[in-house]
Amino acid sequence: MFPVELKNLYFKYVGKQTNILDGVNLAINKGEVVAILGLSGSGKSTLCYCMNGLIPHVYKGELSGESLVFGSCLKNMKIADIATKVGTVFQDPDTQLFSPTVEDEIAFGPENLCIDREEIGRRIASALEQVGMTNHRLASPDHLSGGQKQLIAIASVLSLQPEVLIFDEIMSQIDETGKTRIKEVIRGLKKSGKTIVMVEHNLDNLDEADRVMVILKGKLINFTGKL
Amino acid sequence: MTAPTTLDPRTKLVMVLCLSSLAVFIRDIYVLVGVLLLSFLISVILKGNLFPAFKQMKRLLLLIVVVAVAQSLFAPAGRTIVALGTVPILTTGGLIQGAEFILRMAVIVVSATIVATSSYREIVQGLVQWKIPYEIAFMVSVAIRFLPMLIEEIKDVMLAIQLRGVELQKIPLRKRLRIYSYILTPIVIGTVIKAEKLAAAMETRAFRAYPQRTSYMILKMASIDYMLISFSMLAFISVVIVYYMWGI
Ligand SMILES: Nc1ncnc2c1ncn2[C@@H]1O[C@H](COP(=O)(O)OP(=O)(O)O)[C@@H](O)[C@H]1O
Ligand SMILES: [Mg+2]
């Protein structure tokens, strides 16, 4: 049973002429780090939405094929169940953080799952430790750098304890020091056994990848060194 | 008072509700001044951020003239100060009405600074513990949080247009409205896209998974909160009673 499995996936957004995903197949092993490359607009984010359930639960379109996490079909899963299996960090830090303090931000997910307070406290502490931001627990995300915001975004997903992590170009708006720290965190997560999908457009960020794939004309193929 | 900034947000909400309803009901300029002074005092004690409120009020001061003239024209009362032939332009009654209007607005503006001394997460939690559905409380708070961003963006675009030498004031109204719609459309679309992304991010973190949710933050009222809430309500009720028994 694969943590992530896409079988013959086709997807077309409402009002669009062509399939943005045109027969995608992918199986990711437990603990594997898979990088996905592709030009801007090639459908990388769309592919992520298929792996975290935003398609078909939030974004609508014509979908066929299957998208499975640990063998269950995302289509039939509830948001709460998906959230504890797949965590997603998005490209833009400013459209995924919304709480007045770092602590509130990280507590948000577990609160939605009705987890009890003591456990939430433990999870906040552990998530902050994993991203090395323990000192910023009571800070306001507004006052952090872009790189630090992404670390908090990672932490606020980790508090849901998902086994699969999807990082959709999370370093594209971040300066060099920020990137270095994020890469360190990704290395730590890999060591702790998480299965990771990282969408990238920068070839320098692929150090941790076990496998590199590329989206081309709606198909996912092995990367051979050229885009 | 001990550490007044740690007052429960619900206490602040009750105080502010009392103050602003007084401001709306009362038609006595002296009482209004009193209510405004009290609001100021509370805001200062709670270390409210009054500076932007002052700036807003400076703009409101212009309105006092408009309201005073409008009142004098349509509902002349008191002594006429300025007249155009037989038509009174400014009357003492109008002036007082204008001043009352500004006082009411000022109470509301200052009240907002009182509430703003709590973080909006605390306010949401206060509302939730008052049994307001968390989805509603949460959505309102996120909207309030992103409003300043929207205003900044609109200001930026307006500035950019003026920097290109377009003098909006000199353009006829109809054409100006069209320019505004050109400006606002992309901003509104951008905001909707941002809101959608935010909603999607919240969804992947299990927002609305269940009808209930737990809260890591828990508000507990201290005795000072109970005291202040009782005092505010008592004061409010007695002012209303006294005012309506003696005033009318
Ligand atoms: N919610 C949506 N509705 C309609 N079209 C969309 C939506 N999201 C993305 N698209 C379109 O799908 C295409 C692929 O987008 P995306 O998956 O974001 O690409 P990438 O992440 O590789 O840049 C783009 O042409 C985009 O316009
Ligand atoms: Mg993308």
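Chains F and X are the protein sequences, given in the same order. Read the first sequence against this note's numbering and you will find it ends at 320, with the numbers running on by one and no gaps. Read the second sequence against this note's numbering and you will find it ends at 257, with the numbers running on by one and no gaps. Don't be surprised by glycine CBs; every beta carbon is placed ideally from N, CA and C.
Could you check whether the Cβ of residue i sits closer than 8 Å to any Cβ belonging to chain F?
| i | result |
| --- | --- |
| X/THR194 | no |
| X/THR11 | Interpretation of X/THR11 is limited by its pLDDT of 41, a score under 50 that renders its predicted location unreliable; the figure taken from the coordinates is listed afterwards. X/THR11 does not count as touching chain F. |
| X/GLN221 | yes |
| X/VAL124 | no |
| X/LEU207 | yes |
| X/ALA121 | no |
| X/TYR189 | no |
| X/MET148 | no |
| X/PHE216 | yes |
| X/VAL175 | no |
| X/LYS203 | yes |
| X/SER128 | yes |
| X/ARG88 | no |
| X/SER48 | no |
| X/VAL151 | yes |
| X/ALA84 | no |
| X/ALA154 | One detail in the question is off: residue 154 of chain X reads as Arg in this sequence, not Ala. At least one chain F Cβ lies under 8 Å of X/ARG154. |
If I'm right that residue i touches residue j with Cβ under 8 Å, what's the distance once you round it to whole angstroms?
| i | j | result |
| --- | --- | --- |
| X/VAL44 | X/ILE35 | 7 Å |
| F/VAL127 | F/VAL290 | 5 Å |
| X/ILE188 | X/ILE198 | With a Cβ gap of about 17 Å, X/ILE188 and X/ILE198 do not count as contacting. |
| F/ALA220 | F/LEU251 | 4 Å |
| F/GLY180 | F/LEU258 | 5 Å |
| X/ILE111 | X/LEU72 | 7 Å |
| X/ILE132 | X/PRO18 | 5 Å |
| X/THR200 | X/LEU159 | 6 Å |
| F/THR188 | X/LYS140 | With 8 Å as the limit, F/THR188 and X/LYS140 do not qualify as a contact, their Cβ atoms being about 30 Å apart. |
| F/VAL182 | F/GLN243 | 7 Å |
Using a Cβ cut-off of 8 Å (strictly closer), state whether residue i contacts chain X.
| i | result |
| --- | --- |
| F/ILE213 | yes |
| F/GLY151 | In the sequence as presented, Gly is not what sits at residue 151 of chain F; that position holds Val. Taking Cβ atoms only, chain X reaches closer than 8 Å to F/VAL151, which makes this a yes. |
| F/PRO96 | no |
| F/PRO193 | yes |
| F/ARG280 | no |
| F/GLN241 | no |
| F/SER249 | yes |
| F/THR270 | no |
| F/ALA200 | yes |
| F/LEU253 | yes |
| F/LEU210 | The sequence given here has Arg at residue 210 of chain F, not Leu. By this cut-off, F/ARG210 is an interface position. |
| F/GLU204 | yes |
Using only alpha-carbon positions, find the residue among the options that is nearest to residue i.
| i | options | result |
| --- | --- | --- |
| F/ALA173 | X/LYS56, X/ALA215, X/SER241 and X/TYR253 | X/ALA215 |
| X/ALA244 | X/ASP17, X/VAL116, X/VAL53 and X/MET24 | X/MET24 |
| X/LEU16 | X/VAL40, X/SER52, X/GLN221 and X/GLY174 | X/SER52 |
| X/TYR219 | F/ALA120, F/PRO149, F/CYS166 and F/CYS207 | F/CYS207 |
| F/LYS276 | F/PHE191, F/ASP297, F/GLU256 and F/GLY286 | F/ASP297 |
| F/THR288 | F/PHE104, F/GLN254 and F/SER138 | F/GLN254 |
| X/PHE147 | F/LYS178, F/SER192, F/ASN145 and F/GLU293 | F/SER192 |
| F/GLU155 | F/ASP187, F/GLY116, F/LYS178 and F/GLU125 | F/GLY116 |
| X/TYR39 | X/GLN106, X/SER239 and X/LEU70 | X/GLN106 |
| F/ASN315 | F/GLY131, F/THR188 and F/VAL97 | F/GLY131 |
| X/ALA79 | X/GLU109, X/LEU207, X/GLY103 and X/GLY87 | X/GLY103 |
| X/PHE83 | X/SER190, X/MET167, X/THR100 and X/ALA32 | X/THR100 |
| X/TYR129 | X/ILE233, X/MET226 and X/TYR253 | X/MET226 |
| X/LYS206 | F/LEU282, F/SER138 and F/ASP300 | F/SER138 |
Q: Check each residue of the stretch 12-37 of chain X: if its Cβ is closer than 9 Å to any Cβ of chain F, include it; give the result in chain order.
A: none
Q) What are the complete beta strand (DSSP E) segments, minimum 3 residues, inside the stretch 15-95 of chain X? A) 89-93
(Q) At 3 residues or longer, what runs of the beta strand (DSSP E) sit wholly inside the stretch 107-167 of chain F? (A) 114-121, 126-130 and 154-162
Q: Only counting runs of 4 or more residues, tell me where the alpha helix (DSSP H) segments fall wholly within the stretch 145-216 of chain X, in order along the chain.
A: 182-213
Q) Which residues, in chain order, does the stretch 152-181 of chain F contribute to contact with chain X at a C-beta distance below 9 Å? A) TYR152, LYS171, ILE172, ALA173, ASP174, ILE175, ALA176, THR177, VAL179, GLY180 and THR181
Q.
To test your reading of the DSSP string, which unbroken alpha helix (DSSP H) runs of 4 or more residues are found completely within the stretch 212-251 of chain F?
A. 239-251
Q. Which of the residues in the stretch 101-120 of chain X, read from start to end, lie with their CB under 9 Å from any CB of chain F?
A. none
Q: Pull out every residue of the stretch 113-124 of chain F whose Cβ sits closer than 9 Å to any Cβ of chain X, in chain order.
A: none
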